[in-house]
Every structure is written in C-alpha cells, then in structure tokens.
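*Asks:* Take a look at the following structure, please.
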Amino acid sequence: MRIAFIGQKGIAIGDQAGGIEQHVLALSRELAARGHEVTVYARHRYRASRAEVPRGVRVRYIQTIYLKHLETILYSFFATLDALFRRFDIIHYHGVGPATLAWIPRLWKPHARVVATFHSQDRYHQKWGFLARRYLHFGEWAACHFPHATIAVSHVIQVYVRRTYRRQIVYIPNGARIEQSSGQETLELYGLQAGKYLLNVSRLVPHKGQHYLIEAFQRLKNTGRGAGMKLAIVGAAVYTQKYEQELKDQAAGSADIVFLGFQQGEALRQLYAHAFLYAQPSESEGLSVSVLEAMSFGIPPIVSDIPENLEVIHRAGFTFRNKDVEHLSQVLGELMAHPDIVEAKRERVREVVETKFAWPVIAEHTEGVYRSVRH
1 MRIAFIGQKG IAIGDQAGGI EQHVLALSRE LAARGHEVTV YARHRYRASR
51 AEVPRGVRVR YIQTIYLKHL ETILYSFFAT LDALFRRFDI IHYHGVGPAT
101 LAWIPRLWKP HARVVATFHS QDRYHQKWGF LARRYLHFGE WAACHFPHAT
151 IAVSHVIQVY VRRTYRRQIV YIPNGARIEQ SSGQETLELY GLQAGKYLLN
201 VSRLVPHKGQ HYLIEAFQRL KNTGRGAGMK LAIVGAAVYT QKYEQELKDQ
251 AAGSADIVFL GFQQGEALRQ LYAHAFLYAQ PSESEGLSVS VLEAMSFGIP
301 PIVSDIPENL EVIHRAGFTF RNKDVEHLSQ VLGELMAHPD IVEAKRERVR
351 EVVETKFAWP VIAEHTEGVY RSVRH
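Dropping the structure here:
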C-alpha cells in the first residue's frame, strides 16, 4: 500500500521530536520493512537526519507559518492538498488537530482511505489558551467522525471516546524495542554515576510536570535523604522557553540537578540504561513513549497516577498521587532507602515491553486497520 502520514513535525528530527514524531518514525520503519511505500509529510523547518530516515520511507517537506497557533494546522492543510494529487491508498493523520482536515480527502479523494490516530487529549495541555482548547475539543470530535477508522494509543482514550462521542475506535498502543547499552561516556561527561541518578526525558512543557519532580527532589535532599543521588533532566522547550527558564531558576543552587538538553542515539541509550529510576510526573498523557523506552532498558518508572500512566506500567513500576509533591518525595525516599525493591522490578518491566508493546506487532495491527477500511 501507498501510505501518507500527516500531522507530525517530521521524522528523525533530533531535539524537536516529541512522542508523535517517535511514534511515526518507528511505525514508518516497520511498515516500510513490510513492503509498503510510506511518505512522511514534514514541516520545512524540521529537516530529517538522512542517516536516520528508515529505508523505504520518503519525506516531503511542506512550508508553513511558524507561529504557535498556526504552524500545525497550516502545515496539515498544505500537506493534505499535496496528498490529493498523489497516488496514496491510505492518508493517516496523527493528532486531533490535524484530523480536523480529514474531511478533505474523504470528499475530494474518494478512492483513498483516511485513518486518524488519537494520541492524547491535547486540549488539557497547559500551553494552550481558550480558543486553541476549543479547537482541539472540536478536533477530538473530528478525529472520531471524519476518518474511515480511528486508532487510540491507550485504552483510556478508547473508553473516553466511547463514552463521550459514542464511537467505537481501535486500540493500538505506542511501542518500544528492547534495548541495552554498556557504555558510560555520556555519564562521565555530565558527572553522573551508574545507578545514582533519576532520569526524566521529555519536552520541557508545563503538563509534563518537571516542576513537581524538581521540588520533590529538593525536599528529599533537604531532609538528608538520597545521598549521592542526582536528577538528570533531558529535553528541550517547544514554544515554552519561559517554562524552561522557570525550571532552571527553580533548580538554581541545587548542584545535584542537571539539565542535559536534547540527547539522542547512543548518548540517550546510555542515560536510560544506567538510571536508578525513570521519573514521569506528567499531569496528562496519551501513552508515554519515554516511559516505554525506559522500561525497554529494564529501568523501572515512577509515574503520576493518571490512568494513562498506570496503563503503561502494568504494575511493573511505582506511582505517586498526581501533582502531590510531598507524596512523590516520600516514595522516592523509600525507594532510595530500599534499592532492592527497585531491582526486583527490572526484569518485569522488560517483560511488559516484550509482551504488550512490541513495534512489529503494532505495525501488523495498524496494517490490519488499513486493510479493513479498504475492503
């Protein structure tokens, strides 16, 4: 099949990649390996690293206006227009914002089939104002009504859609591959020791909750617990430079908190592989790719107890009450005092990834959705 992906910033784009971009990269790799022709529509600013674009995947660059509220929808519109004149069998939108345009190929390219993936309830993200949230709310409805089929990356989203929009959509999660890395050069570069740091890998945006994690870690240190332990935060701002600066101001004076900026490739693998715990304090999620990646290295996660996070860890990690800094600090202190509890979870987290979140299986199920809408 000839497949087009629309909605992501791009593919293999380094520090600009979020969960959707990682999802598209992995899924396009698997689909191309299965013999499909995959085209990824990318925004012109986000140039791919050629070496990391999967074999058999094409990238088409689309111009847009790089303003917070216009970038995604204008790019998606122009990408959709371009797709109308190409011989695609499947046009697959990623995200509820881009899915508002799914009616266009339904109307003007009737031989093609349209699919959308509902990645998260974006309207709850703090970076959006009132009008943007209203549009994203409409995007949820559109993602469930305009395409021939809709995919949810979590059971939480699937149930939400059934209850809210009275639609039956397909559950296909994000995925990960079992990984390992023995190198420690990156740790040495940033003054980290294996097994002696908490890791957070995420865009620096308010709903990811890094401010809760920093405060909880500081409280832990102020009570004399967590000796020798550091907090490593990996990631960059996305239209949220003010929040990034607030985090750095919050951590000022705490020598045990380090901001590593964007990391990728072997450097990121080393950071995952040697962490004591992976910390995810997010207020809202779809199905976290970074938690899955940490688990693929055998690193147990500690996550806020929102339903989307609980769905990922399958009782293979640890939880704290969402937005509750004191509870997070208490749980971290307990785990640092009893590392054997953490060690006992390591094999279990890999098991969860292998059995529930393997990319080849996810690609097979996605291919099944494509075939079902074509017949």
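For what it's worth, the UniProt record's numbering labels the leading residue of the sequence shown as 1, then goes sequentially. Just so you know, even glycine gets a beta-carbon here, dropped at the ideal spot from N, CA and C.
#1: Taking contact to mean 3 or more Cβ pairs, one atom from each stretch, closer than 8 Å, check whether the stretch 273-293 and the stretch 210-217 are in contact.
#2: In the structure shown, what three-state DSSP assignment does Lys323 receive?
#3: Check this for me: beta carbons of Val115 and Val361, under 8 Å apart or not?
#4: Ordered along the chain, which non-local residues of its own chain (more than five positions away) have a Cβ less than 7 Å from that of Ala132?
#5: Expressed to the nearest angstrom, what Euclidean distance is found between the alpha-carbon atoms of Arg50 and Ala227?
#6: Near Lys221, which residues of its chain fall below 8 Å by C-beta distance, leaving aside the five closest residues on each side in sequence?
#7: Reducing DSSP to helix, strand and coil, say where Leu260 ends up.
#8: So if DSSP puts Ser304 in a beta bridge, which residue, or which two residues, is it bridged to?
#9: Kindly list the residues whose CB is nearer than 6 Å to the CB of Ala4, restricted to its own chain and excluding five residues on each side of it in sequence; keep chain order.
#10: So, is Glu343 buried or exposed, given that buried needs 16 or more other C-beta atoms within 10 angstroms?
#11: Rounded to whole angstroms, what's the CA-CA distance from Leu260 to Leu199? Just pull it up for me.
#12: DSSP state of Asn174, grouped into three classes?
#13: Assuming the contact rule is C-beta atoms closer than 8 Å, Glu354 and His155 should be a hit. Round their C-beta distance to whole Å, please.
#14: Measure from the alpha carbon of Lys356 to the alpha carbon of each residue in Asp324, Ile341, Leu25, Ala316, then state which is nearest.
#15: Nearest by alpha-carbon distance to Ser28: which of Arg55, Arg45, Tyr212, Asp340 is it?
#16: Taking DSSP as the reference, what is the three-state secondary structure of Thr150?
#17: Under 8 Å, do Arg167 and Val159 count as touching if we go by C-beta distance?
#18: Along the alpha helix (DSSP H) that carries Gln22, what are the first and last residues, could you check?
#19: So, are the CB atoms of Ile11 and Ala42 less than 8 Å apart?
*Replies:* Quick look at the numbers:
#1: Because the criterion of three Cβ pairs below 8 Å is met, the stretch 273-293 and the stretch 210-217 touch.
#2: Reduced to three states, the DSSP call for Lys323 is coil.
#3: No, these two residues do not count as a Cβ contact at 8 Å.
#4: For Ala132, where only same-chain residues beyond five positions count, the Cβ hits under 7 Å are His69.
#5: Roughly 43 Å between the two C-alpha positions.
#6: Same-chain partners within the cutoff: Ser254, Asp256.
#7: Leu260: strand per DSSP, three-state reduction.
#8: The partner list for Ser304 (beta bridge, DSSP) reads Phe320.
#9: Hits under 6 Å: Thr39, Ala83, Phe88, Ile91.
#10: By the neighbour-count rule (16 or more Cβ atoms within 10 Å), Glu343 is not buried but exposed.
#11: Distance between the alpha carbons of Leu260 and Leu199: 10 Å.
#12: Coil at Asn174, not helix or strand.
#13: Wrong, their Cβ atoms sit about 19 Å apart, outside the cutoff.
#14: Out of Asp324, Ile341, Leu25, Ala316, Ala316 has the C-alpha closest to the C-alpha of Lys356.
#15: Distances from the alpha-carbon of Ser28 to those of Arg55, Arg45, Tyr212, Asp340 put Arg55 closest.
#16: In the structure shown, Thr150 falls within a strand segment according to DSSP collapsed to helix, strand and coil.
#17: No; because the gap between Cβ atoms is not below 8 Å, this pair is not in contact.
#18: Residues 19-33.
#19: In contact: Ile11 and Ala42 (Cβ atoms closer than 8 Å).
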